[in-house]
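Here the structure is laid out as C-alpha cells; the discussion comes afterwards.
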Amino acid sequence: MNPAPAYTVLAGTLMSLAGIHWDVQWHVDVGPDTFFTLPHLMLYSGSAIAGIASLVMVLRVTSAQRAGHPADPAVGGSPVRVLGGRFTAPLGYLVAGTGAALFLLYGLLDLWWHSLYGFDAVLDSPPHVALFISISLTMVGSVIVFAAARAQPWGRIGLVAGIPVLIMFTPLTTNAFSRLGLPIDARLAGSVFFAVCLVLMGAITLRRRRVALSIAVVLGLMQLFLWWFSPWAARVYADYVGLPLRDNLVGVPPLLPSIPMFMLVAALVIEGLLGLGRRRGWSARWLPQLVGAAGGVVVSLSMLVQMSSLSGGAGPVGRSAASVTAVVSDVLLGLTLGALAGFLAARFAVLLHLNAPAADQEGR
Amino acid sequence: MNAPSAARRLGAVLAILLSTLGLLMPPVAEADSAAVGDLHVAQTLGGRELTVILRRVTGVPGPLHVDVITHKGTAAGRLDLAVVPTGVSTSASAASVSGTTVDTAAVALSGRPGTCSAVLDVTRAGPWELSLSDGNRTATIPFIVPKQLTSPPETAVYLGFSGAGVLLLVTLLVAVRARRGWWTLVPGGALVACLAVAVTGALLSSRLPPPPSQGGQVDATIDGVDDPYAYSGQRIGDYSRPPGTLLLSSSTTRAGEVADVRLALSDASTGLPLDDVVVHDGALLHLLVVGPSGQLWHLHPIRTGAGVFEVPLSLPEGGHYAVSAEFARRGGGVQQLRSATGIDAVPATGRTTTGSRPEVAARTTAGDLQVGAGARTVADVQVRLSASSLVAGQAAVLSARVGDTATLQPWLGMLGHLIVVGPLAPEAAVGTATQNAQVWAHSHSMGAMPDRTHDTSGTDGTAHAPGMGPHSPSPGLDPDMPGMGGLTSVNGDSTADETVAAYGPDICFVHTFPAPGYYRIWIQAERGYTVLTVPYLLHVTGTVEKRP
Amino acid sequence: MRLTTLLAPYVMGAVMLLTAAPAQAEPEQAYAPVEVVHTEQVQAGPYHLTVGFSTWPLRAMQSLDFTFVPDGGLSGKSGTLAMTGPGLKQGMRRESPLSRHPRKRDVWGLDIQSLPTAGQWSFTFTVNGPRGQGTGTLGNVTVLEQPGPPLALSWTLCSLPVLGLIAFLAVAWRRHRPSRRLALIGVLKIRTPYRP
Amino acid sequence: MSRRFLVAAVVLAATLLTALSVHALWAPWPGAARPASDAPRGAITLTGGTARDMVILTVSAPVTGSTALDVRLVPRGGTATGGPAPVVMVSAALPTAGHAVPDCTAVRAPDGHYHVAALPLMMPGRWQVLVTVDGDGHRDRLVFPLNVPR
C-alpha cells in the first residue's frame, strides 16, 4: 500500500495550518491585506493539494473497482458510493476532498465578503468560520485515512502527526463562539475539549502504549515551530513587500496562546490512568470518561497558568487567575468537558475501527 | 444501493446545491452594480454659505446621511431638514406618498466651522427632494435615490451559469440512470445552450451601452429608477436640451441694503420654467457677480420653485454690477448665461448701512490693482501668483501658491477656481466693463503641475502640514504624485470633502486668452474654512510675430 | 491510460494555480494609499488632533483607515485611544496605544479597521507630550447600519459545513451505535506491543 | 423515431433558452405598463402627488397624435375641503426638441376627475405632461414624464 496520497493530504493540511498562522500573524504585525498575499496562497494551495490528492484517490478506487478489484478498506476507509454508485470513494478521502471543495467554494464567498466590507482582519466573520470548518473537515479526513491504515507503521505515524494538526486548528473555530457572550471562555473550553478528546481518541484507536505521549510531543514540536515560524515569516514577507511592522506589537504569536502548551503533562496523566485501568480491567463504559475528566482538569489548570504567564507576563499566576473562583470554575470546566471528551473519544475510536474493520488488521 | 435511494440522494444533493446557488447569487449580483457617489451641493441660504453633502444611499429603505459643512463666520442656528419623494409611477401604491414629507431632522449649527450631520430615512428608490429651512427661507435640492441593479446581460450570465450547474448534475443523473444513452443528450444540449447564454451575456455585458441615467440624462420616474433598462425607451445619442434664459427679478437695487435677488430660468425654446437643473461642480447654480470696483461674488442661490433661484445680496456701493449664472440642464452640457441687464445699484441715501449685511463666503474688494502677477495678502493669507506666456492664443500657465502649507480644502470639488473677464480697459469701472467684456471664463485647478516647473520661486517648499495630505510620503508610494488623491471618485466612493485640509499649497491653471488686452482675474481657493478670492489684473499681449 | 486523461485537467489546474498565484502575489503596489475623505477635530487638552476617515459616513462592519494627526507631528508624543460604542458592554472600552499607521508612518492611525455595530461611537484620545497630558473625546460619530445581507443569513449559509460535519457524525453514530460496541471490539485492551 | 424525437427535444430546448436569453438581454419596450382597470385599452396611468393631493393622470393613447387625458385629484386629507374646486391646467412639452403644446384647462367632472379632450403629442420622444393645480391659494405644478413611442 502506497502511503504517498495520505501523506500528501497531511502535507496539505500542514501547509494550511502554517499558512493560517502566518496569515494571522501578518494581519497583527503588518496589516494591509489583499486577497493575493503569500499567506493566503499557502493557505489555499494547502487545501488545493489535499483536495487534489483526495480526488485522485477517489478516482483510483473507482477505476479499480470498475476493473473488478474490490476496494481495500485500509486505503482511506470503507468505500462509500456517491452519485448513484458511479463513483466509489474511500470515506477518509471523501471527507478530505469535500472539505477542500467547500474551502474553495467558501473562499469565493470570502472574496465577495471582503469586497463588500473591506479587508478588516476579523477572524470570526461568517465566511472565515466556514473556511476554518472546511479545513478542519480536510484534517478530519486525513485522520480517518491514517486510522484506516493503522496496521501499517506509516498509518500510525500519520495518525500521531495528523491529530495534533487538528488540535492546533481548533482555537480558530471555537473563537467564533466567543462572540455569543457565553458564560465560559469558548476558546478555553474548546481547547480543553478537543485536546483531550483527540489525544484520547488517538490512544484508544492505536491501542498502543505511549501514543498519547507521542501525540503530545508532536503537538509541542509544532507549537515550537510555529512560535518561531509565524513571526519570522511575517517579518520576512513584510521586508520583501517593503512594508513596516506596526507599533506596539505584543510579540506573542496571536493564535498560539490558545493551544495547550503543557499537553505533555496531561498526556502523562492520560497515559498513566489508561494503563492503570487496562491493567486493573476497569469497565470500558466509564474508564474513558474518568481518563478524560482527569486529563481535562490538567489541561484546564495548565491553560490557567499558560494564559496568565503569557498575558500577565509576571509569574505563573497573574491577574485575576489567582482568584479561587477562577480555579474552581476551571476545575469544573475541565471535569465536565474532559468527561464528555472521554466519552466521545472512545466512541469515535470505535467508529474509526468500524470504518476499516478487516479483522481489525491485527494479524498484518 | 438500490436505484430509488440513489436517486433520492442525488435529489437531495441537487436541492442543496440549488439553494446554495440561490443564496449566493443575489448578493453577488448586488456587489457588481456600481453605486452612485455622494452629492455635494453648495447653498447660499440666507446669510450662510453652506455645503450640503448627501451621502450615497446604499439600500432602500435606508438611511440618508446628510452632512452640512459650515464656513468661517457662519452664524450658529438651527436648520430643519426634510425629505420628500417626488416621483411618478404607473403603480399607485409606489407613488402614494409622492409630494409628502416622509422624514424630518434638525441640524444645530454650532457657529464653529465644520460638519453637522443628520440622518434621514428614505423609503424607496426614485426621485426625491431634500429641503433645508433656516426659518425664513427654504431651499430644495432634487436628488435621486438609486437602486442596486443588475443589467440584463449580467442576469443572463448568472442564470446561464446556474442553469449550467444544475443541468450538469441532471446530465450526470440521466447518464447514470437512463437506459438509453442518448437521453443524456437532452440535458446535455440544454447545458450547452445555458453555457452559450452565459458566455454571450458575459461578452455582451461590457459592450452594451448603459441605459440613460435617470435624473442625469432623462427625467426620472420611480419606475425608471427601479428598472432603467425597462424604461430606457428609444436609444438616442443626444439627450441635450435647449439653452436657458436668465431673468433677474429687478435690475435696480439700493446700495447698502440686503435685497433678495430672484433669478428665473426659462427654456429658450418653449419659454416654460427651466426646472431640470442638475448638480454640476458642486452646486445647482453658480452665480457670479462683479461689482464696480472689482468685487467678485461667487454664490450658490437656493432653489425655491420651478426654475426659480434666490439669493440675498447686499451691494456695498452704487454702480453697475455684472451678473452671470452657470448651470447644467438634465441631458448634459453646462451653460453660462450672462444677464443682459445686470444690476444697477443706486447710491444709498445718507447713511451706509452695513450692519445687517449677510456674511458671504466668496466676496472681495479689489481696489486698485497693479498689473501683473505677484504676491497679495487676503484674509491674512499670502498668495503668490506667477504667470507665464501671457500671449493671446497661447496656453498661459497661472501658478498660485496659497499660503505655505498643504492645508487647502477642496471647494466645489476643486482645489482652485479661476474667473477671467476681459479684455477691458484697466481703469474702467469693473462692473460696467465686465458687462461689456467679450470673455467671461471660469476654469478649475486640481493641484500643481506634476513637473513643478512653474512653481513660485523664493518660498520654502518644505513646509508641508504634518502628513494629512496626499503629499506626505508613504512607504512604497510615489511622493511626486500631484495632489489628486481623494478628489476623483472611483466606483462611487466618497471624494474628499471640505473637512480635508490637506491639499496645495500650489494650484495651477492653464487658460488660453483668446484676444490681447487687459483681463481681470480672480483666483479662489478655500483655506481655514474661508474661501479666499484673490484679484489680479493681467496684460495679455498680442500674438508674437512669426518673423522678426 | 484512462486515469491519466482524467487526471490531466486537474494536474494542469494545479500547475496553473501554483504558477499564476505567485505572479499575483508580486508586491506591485497592491496596497492602496490612505486617502482621507473626511476629517473631524478633537481638542485633547493642549493638543489638537485631526481625525481622518478614508470613507464617510461610517457603516458597521465596513473597514476603513483612520488617521489621528496631532498638530506639530508625532515626535515626543504618545497616547492611547479608547473607543466606546453600542456593541460594547458597559464600562468596557477598547483601549489601545496610539500606533503609527502602517501605510502612513508620519501619523497615528488604524488601518483597515471596522466598527462592529451601528449607532453612536466615541473616540477618546489621551495624549502625552511635552505639554503634559491631555484628554479629548470625539463623540457622536454616527455609524450607519451594516451593508449587505442580514447577518443571520450569512451565518446560516456559512454554518452549512459545520452542520454537515455534525450530520456526518450523527449518521455514522446511528449506523454503527459505537456505545454498544465498546467492549465488543475491545477498545481498551492493549494490543501486544508492536515491537517489544 | 426516437432519434428524431431526441433531436427535436434538444433543438426545442436550445430555441427556448435562446429566446429567453434574447428576451432578457433586450429590455422590453417601454410603455408596456399595466393599464388601470377603468382606463381604456392601451392607456397609461401615472400617479404622482403634491403635499395636498394625489394626482392620477391617465393618458388614453400614449402614442404620436392627439390623445385624451384624464386627471384625477385625490385629496390627501380624505375628502376635499369645502372651498371651490381647484382649476386644473394641462400642458405638455418635449424638452429635447423644444416643443410645447397649448395649455388646456381641464373640464371638471364628478369625483375629482378632470378631462382634456385632445392634447396633441406630435412627435415621438420623452415628453413631459405638465399638470398645474390651482386652488385654495396654492399653485402646484407637477411634471409627468411620458415616453411616446412612434
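Residue numbers (the working numbering), protein chains in the order written: chain A, 21 to 384; chain B, 2 to 549; chain C, 2 to 197; chain D, 1339 to 1488. Even for Gly, the Cβ is constructed at its ideal location relative to N, Cα and C. Note that the coordinates shown come from a computational prediction; the quantities given were computed from them, not determined experimentally.
{"query": "Under 8 angstroms between C-beta atoms of P16 of chain A and L239 of chain A", "result": "An answer regarding residue 16 of chain A cannot be provided, because it is not within the stretch 21 to 384 covered by chain A."}
{"query": "Inter-residue spacing [alpha-carbon to alpha-carbon] between S180 of chain C and V370 of chain A", "result": "8 angstroms"}
{"query": "Neighbour flag for T118 of chain C against chain B, beta carbons, 8 angstroms", "result": "no"}
{"query": "C-beta neighbour in chain A for M62 of chain C, strict 8 angstroms", "result": "yes"}
{"query": "Proximity winner among B:L399, B:S252, B:D122, B:L110, relative to V535 of chain B (alpha-carbon distances)", "result": "B:L399"}
{"query": "Span of the beta strand (DSSP E) around H148 of chain A", "result": "Here H148 of chain A belongs to no beta strand (DSSP E); instead the alpha helix (DSSP H) covers 146-168."}
{"query": "Assigned exposure category for R1488 of chain D - 16 Cβ within 10 Å defines buried", "result": "exposed"}
{"query": "Interface positions of the region 490-514 of chain B facing chain C (Cβ-Cβ less than 8 angstroms), listed along the chain", "result": "D494, S495, T496, A497, D498, T500, V501, A502, A503"}
{"query": "Residue burial classification, D288 of chain B (beta-carbon count within 10 angstroms, cutoff 16)", "result": "Residue 288 of chain B is actually Leu in this sequence, not Asp. Answer is buried; the Cβ neighbour count reaches 16."}
{"query": "Proximal chain A residues relative to R132 of chain C, where beta-carbon distance stays under 8 angstroms", "result": "Under the 8 angstroms cutoff, chain A gives no residues; its nearest Cβ is about 22 angstroms from R132 of chain C."}
{"query": "Amino acids of chain B, ordered along the chain, whose beta-carbon sits closer than 7 angstroms to that of P58 of chain C", "result": "R56, H66"}
{"query": "Proximal chain B residues relative to V38 of chain C, where beta-carbon distance stays under 7 angstroms", "result": "G487, S495, T496, A497, D498, V501"}
{"query": "Beta-carbon neighbours of V120 of chain B, restricted to chain C and to distances below 9 angstroms", "result": "P58, T143, L145"}
{"query": "Cβ neighbours of Q395 of chain B in the same chain (closer than 7 angstroms, five flanking residues each side left out)", "result": "T513"}
{"query": "Straight-line gap, P58 of chain C to A388 of chain B (C-alpha atoms, nearest Å)", "result": "40 angstroms"}
{"query": "Cβ contact check for the region 321-328 of chain A and the region 270-284 of chain A: 3 or more pairs under 8 angstroms", "result": "yes"}
{"query": "Any C-beta of chain B under 8 angstroms from that of P151 of chain C", "result": "no"}
{"query": "Residues sharing a beta bridge with G320 of chain B, DSSP", "result": "B:A346"}
{"query": "Within-8 angstroms CB hit, P143 of chain B to chain D", "result": "no"}
{"query": "Distance, G175 of chain A Cα to N375 of chain A Cα", "result": "14 angstroms"}
{"query": "Cβ shell of K551 of chain B (< 6 angstroms), same chain only, five flanking positions each side left out", "result": "Chain B is shown from 2 up to 549; residue 551 of chain B falls before or after that span and cannot be answered."}
{"query": "Option nearest R1410 of chain D by Cα separation, candidates D:T1402, D:V1401, D:P1424", "result": "D:P1424"}
{"query": "Segment limits, alpha helix (DSSP H) that includes N375 of chain A", "result": "344-375"}
{"query": "Candidates B:R304, B:I145, B:Q337, B:A119, of which the one nearest I420 of chain B by Cα", "result": "B:Q337"}
{"query": "Cutoff 8 angstroms: P148 of chain C Cβ touching any chain B Cβ", "result": "yes"}
{"query": "Under the three-state DSSP convention, the category T534 of chain B falls into", "result": "strand"}
{"query": "Sub-8 angstroms separation of G423 of chain B and A526 of chain B beta-carbons", "result": "no"}
{"query": "Where the beta strand (DSSP E) containing V143 of chain B begins and where it ends", "result": "With the sequence shown as reference, residue 143 of chain B is identified as Pro, and Val is not the correct amino acid for it. 139-146 is the span of the beta strand (DSSP E), which, as asked, contains P143 of chain B."}
{"query": "Residue ranges of each alpha helix (DSSP H) within the region 248-294 of chain A, 4 or longer", "result": "none"}
{"query": "Residues in the region 233-257 of chain B having any Cβ partner in chain D nearer than 9 angstroms", "result": "S233, G234, Q235, I237, D239, Y240, S241, R242, P243"}
{"query": "Min CB distance R175 of chain C to chain A below 8 angstroms", "result": "no"}
{"query": "Contiguous beta strand (DSSP E) assignments of at least 3 residues, all confined to the region 46-73 of chain B", "result": "49-55, 63-71"}
{"query": "Closest Cα partner of P147 of chain B within the set B:A191, B:I223, B:G164", "result": "B:I223"}
{"query": "Per DSSP, cross-strand counterpart(s) of G133 of chain C", "result": "C:G130"}
{"query": "With 16 other Cβ atoms within 10 Å as the buried cut-off, status of V53 of chain B", "result": "buried"}
{"query": "Pick from B:Y322, B:Y232, B:S490 that is closest to H41 of chain B, judged by C-alpha positions", "result": "B:S490"}
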